[in-house]
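Participant: Would you mind keeping the following structure in view while I ask a few things?
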Amino acid sequence: MSTHFKYKAFLVREVDGSFVGNVEEVEFAELKDEDVLVKVEYSSLNYKDALSAIGNKGVTRNYPHVPGIDATGVVAKSKSSLFHVGDPVIVTSYQLGMNHPGGFAEYIQVPGAWVVPLPGGLTAIEAMIHGTAGFTAALSVYRLLKNGQTPEMGPVVVTGALGGVGSIACRILKKLNFEVIAASSEGMTEDEMNSLGASSQVNKETTDDQSGRPMLKTLWGGAIDVVGGNTLTTLLKGCSPMGNVASCGNIGSGDLSMTVYPFILKGVSLLGVDSQNCPMPLRQEIWNLLACEWKIDFSEQLIHETDLEGLDGYIQLMLTKKSRGRVVVKLC
Ligand SMILES: NC(=O)c1ccc[n+]([C@@H]2O[C@H](COP(=O)([O-])OP(=O)(O)OC[C@H]3O[C@@H](n4cnc5c(N)ncnc54)[C@H](OP(=O)(O)O)[C@@H]3O)[C@@H](O)[C@H]2O)c1
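So the sequence shown is numbered by the numbering used here: it starts at 129 and just counts up by one.
Okay, here's the thing in structure tokens:
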């Protein structure tokens, strides 16, 4: 590959203190040892990408930068013994799209150690409909199951249920025979609720308890939370004895303030979910589950496809917290 080879990417530049993203031609660098070059077919939009696109230094330290924490495609060149030209692959997490040029581009160059073979049961676009959001949803469900959550313990409530992580978590739980309660701050239509596989919905009044009581009556058997703060506290306070609450997001707040009573009087467990540093064997296991036993059908109304040129509109929608479902980015 020539060092003067150029490809298209959504490049975010800092201009007079503001961050502006545009589709530009980017020059490709020499492939490093142990790296692979992937011709990207699809990427997807996650909340972290939206933060990276507006200069959030907690996500991306240096600009100009290409966001995109997810990519699927085909190996175009390899200096890694793990992968060969033509292999279909998934790349998510690690520093991709954060402090390493990401998937909003026709090509990515990444260490072979970051790369997962695309499982047989998933197409490139299906893998990106999941993306990091779907992977995180699956990892959250996995953590609940490993800690003993069963459908008999009662319904599982999922916050941000119309968002990327939440919408996929609802569908996986439904597939695994859990009753699902969809939580959304402003409520949802009957059609939206049905498309998630949820049997009921709750809004902020239920998931943002203001009573000040250290524990609530049992409201759900377990929970998956993307919001954090008082929402996470409420989910823990209302959880059934021995139930589990997976915390995977902080879209509302990074704080957690509560008593220990749900833990020491009801045996409730708080489980952390970190997709970024998930060890490779577990990462592969989760992708294989998504491709086979946990494979879900997506309702088309919650999937939006865009090219690089249309990406900025979806980023703005996500930043105003109006996202619905998943956005996939088609690169070729
Ligand atoms: N731990 C990990 O490895 C990991 C991986 C991926 C994502 N995440 C985190 O998970 C969270 C969700 O990501 P996502 O990709 O699903 O985002 P998303 O697609 O933007 O969806 C978030 C949903 O949360 C709800 N929401 C937004 N602001 C809220 C608020 N202040 N209070 C309550 N609900 C609010 C919104 O629905 P309603 O307005 O209808 O409630 C929205 O649909 C983010 O914090 C993200 O950083 C973590």
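A virtual CB, placed ideally from N, CA and C, is assigned to each residue, including glycine. This one's a predicted model, so the numbers in the text were calculated from it and none came from an experiment.
Who does residue 348 pair with in a DSSP beta bridge?
Facilitator: Counting from one through the sequence shown, the residue named residue 348 turns up at place 220. DSSP output for residue 348 lists 367 as bridge partner(s).
Participant: Since residue 412 is in the alpha helix (DSSP H), which residue starts that stretch and which ends it?
Facilitator: Along the sequence shown, read from residue 1 onward, the residue named residue 412 stands at position 284. Its alpha helix (DSSP H) spans residues 408 to 419.
Participant: Could you name each continuous alpha helix (DSSP H) segment of 4 residues or more that falls completely within the region 148 to 229, going from the start of the chain to the end?
Facilitator: Fully enclosed alpha helix (DSSP H) runs of 4 or longer: 175 to 181.
Participant: Expressed to the nearest angstrom, what Euclidean distance is found between the alpha-carbon atoms of residue 435 and residue 242?
Facilitator: By 1-based counting over the sequence shown, the position of residue 435 is 307. By 1-based counting over the sequence shown, the position of residue 242 is 114. Near 25 Å, if we compare the C-alpha coordinates of residue 242 and residue 435.
Participant: Let me know if residue 130 comes out buried or exposed under the rule of 16 or more other beta-carbons within 10 Å of its beta-carbon.
Facilitator: Translated into positions along the sequence shown, residue 130 becomes position 2. For residue 130, the pLDDT reaches just 45, beneath the cut-off of 50, and the residue's location in the model is therefore unreliable, leaving the point undetermined.
Participant: From the DSSP output, read off the bridge partner residues of residue 400.
Facilitator: The sequence position of residue 400 within the sequence shown is 272, counting from 1. 375.
Participant: At which residue ranges does the region 230 to 297 contain complete beta strand (DSSP E) runs of 3 or more residues, listed in the order of the chain?
Facilitator: As far as the region 230 to 297 is concerned, its whole beta strand (DSSP E) runs of at least 3 residues are 235 to 239, 243 to 245, 284 to 286.
Participant: What are the residues that DSSP puts in a beta bridge with residue 299?
Facilitator: Reading the sequence shown from its first residue, position 171 is the one you call residue 299. In the DSSP output, where bridge partners are listed per residue, residue 299 has none listed.
Participant: What are the boundary residues of the beta strand (DSSP E) that residue 139 is part of?
Facilitator: Here the question's residue 139 lines up with position 11 in the sequence shown. Counting along the chain, the beta strand (DSSP E) containing residue 139 begins and ends at 134 to 143.
Participant: To which residues does DSSP link residue 458 through a beta bridge?
Facilitator: Looking up residue 458 in the sequence shown gives position 330. DSSP lists 170 as partners of residue 458.
Participant: Rounded to a whole number of angstroms, what is the C-alpha to C-alpha distance between residue 244 and residue 202?
Facilitator: What you label residue 244 is simply residue 116 of the sequence shown in a count that begins at 1. What you label residue 202 is simply residue 74 of the sequence shown in a count that begins at 1. Cα-Cα distance, rounded: 11 Å.
Participant: Can you tell me whether residue 307 is helix, strand or coil according to DSSP?
Facilitator: Here residue 307 refers to the residue found at position 179 when the sequence shown is read from its first residue. In the structure shown, residue 307 sits in coil (DSSP, three-state: anything other than H, G, I, E or B).
Participant: Pick helix, strand or coil for residue 318, following the three-state DSSP scheme.
Facilitator: On the sequence shown, residue 318 is found 190 positions in, with the first residue counted as 1. In the structure shown, residue 318 sits in a helix (DSSP, three-state: H, G or I).
Participant: Run the proximity test for residue 314: is its beta-carbon closer than 8 Å to any non-hydrogen atom belonging to ligand 1?
Facilitator: As a working note, residue 314 is residue 186 in the sequence shown. Answer for residue 314: yes, Cβ within range of ligand 1.
Participant: Measure the C-alpha to C-alpha separation of residue 142 and residue 192 and round it to an integer number of angstroms.
Facilitator: Counting from one through the sequence shown, the residue named residue 142 turns up at place 14. Counting from one through the sequence shown, the residue named residue 192 turns up at place 64. So the two alpha carbons sit approximately 7 Å from each other.
Participant: When DSSP builds the beta bridges, which residues end up paired with residue 353?
Facilitator: As a position in the sequence shown, residue 353 is number 225, starting the count at 1. DSSP, once it has assigned bridges, lists 375 as partnering residue 353.
Participant: Report the CB separation of residue 312 from residue 297 in whole angstroms; it is logged as a contact under 8 Å.
Facilitator: On the sequence shown, residue 312 is found 184 positions in, with the first residue counted as 1. On the sequence shown, residue 297 is found 169 positions in, with the first residue counted as 1. Wrong, their Cβ atoms sit about 13 Å apart, outside the cutoff.
Participant: With DSSP as the reference, label residue 424 as helix, strand or coil.
Facilitator: As a working mapping, residue 424 is identified with position 296 in the sequence shown. Here residue 424 sits in coil by DSSP.
Participant: According to DSSP, which residues form a beta bridge with residue 517?
Facilitator: Nothing can be reported for residue 517: it is not among the residues displayed for the chain, which extend from 129 to 460.
Participant: Between the C-alpha atoms of residue 287 and residue 309, what's the straight-line distance to the nearest angstrom?
Facilitator: Start at 1 with the first residue of the sequence shown, and residue 287 comes out as number 159. Start at 1 with the first residue of the sequence shown, and residue 309 comes out as number 181. If you take the alpha carbons of residue 287 and residue 309, they lie about 9 Å apart.
Participant: Can you tell me the Cβ-Cβ gap for residue 221 and residue 257, rounded? I've got them flagged as a contact below 8 Å.
Facilitator: As a working note, residue 221 is residue 93 in the sequence shown. As a working note, residue 257 is residue 129 in the sequence shown. With a Cβ gap of about 17 Å, residue 221 and residue 257 do not count as contacting.
Participant: Check whether the Cβ of residue 270 sits closer than 8 Å to any heavy atom of ligand 1, and report yes or no.
Facilitator: In the sequence shown, counting from the first residue as 1, residue 270 sits at position 142. No, Cβ of residue 270 sits at least 8 Å from all heavy atoms of ligand 1.
Participant: Assuming residue 376 and residue 396 are in contact, meaning their beta carbons sit under 8 Å apart, how far apart are those beta carbons, in whole angstroms?
Facilitator: Counting from one through the sequence shown, the residue named residue 376 turns up at place 248. Counting from one through the sequence shown, the residue named residue 396 turns up at place 268. Actually they are not in contact, since the Cβ atoms of residue 376 and residue 396 sit about 17 Å apart, beyond 8 Å.
Participant: According to the neighbour-count rule (16 or more other Cβ atoms, all chains shown, within 10 Å of its Cβ), is residue 174 buried or exposed?
Facilitator: Position 46 of the sequence shown, counted from the first residue, corresponds to residue 174. Buried.
Participant: Taking the DSSP output, what are the residues bridged to residue 328?
Facilitator: On the sequence shown, position 200 is the one that residue 328 refers to. DSSP, once it has assigned bridges, lists 309 as partnering residue 328.
Participant: For residue 309, is the beta carbon positioned less than 8 Å from some heavy atom of ligand 1?
Facilitator: By 1-based counting over the sequence shown, the position of residue 309 is 181. No; taking the cut-off as 8 Å, the Cβ of residue 309 has no heavy atom of ligand 1 nearer than that.
Participant: Mapping the DSSP letters down to three states, classify residue 446 as helix, strand or coil.
Facilitator: Your numbering for residue 446 matches position 318 in the sequence shown. Residue 446: helix per DSSP, three-state reduction.
Participant: What are the residues that DSSP puts in a beta bridge with residue 519?
Facilitator: No answer is possible for residue 519: the residues shown for the chain start at 129 and end at 460.
Participant: Strictly by DSSP, which residues pair up with residue 433?
Facilitator: Taking the first residue of the sequence shown as 1, we reach residue 433 at position 305. According to DSSP, which records beta bridges pairwise, residue 433 is partnered with 456.
Participant: Relative to the C-alpha of residue 400, which candidate in 268, 207, 336 has its C-alpha closest?
Facilitator: For the purposes of this step, residue 400 is identified with residue 272 of the sequence shown, where counting begins at 1. Closest option to residue 400, Cα to Cα, is 268.
Participant: Can you give me the Cβ contacts of residue 152 inside the same chain, cut-off strictly under 7 Å, excluding the 5 residues immediately before and after it?
Facilitator: In the sequence shown, residue 152 corresponds to position 24, counting from 1. Answer for residue 152: 137, 139, listed in chain order.
Participant: Compute the beta-carbon to beta-carbon distance between residue 247 and residue 415, rounded to the nearest angstrom, for a pair I have assumed lies under 8 Å.
Facilitator: Position 119 of the sequence shown, counted from the first residue, corresponds to residue 247. Position 287 of the sequence shown, counted from the first residue, corresponds to residue 415. So it is a contact: roughly 5 Å between Cβ atoms.
Participant: Looking at ligand 1, does it come within less than 8 Å of residue 288, judged from the CB to the closest heavy atom?
Facilitator: Counting from one through the sequence shown, the residue named residue 288 turns up at place 160. Checking the Cβ of residue 288 against ligand 1 gives yes.
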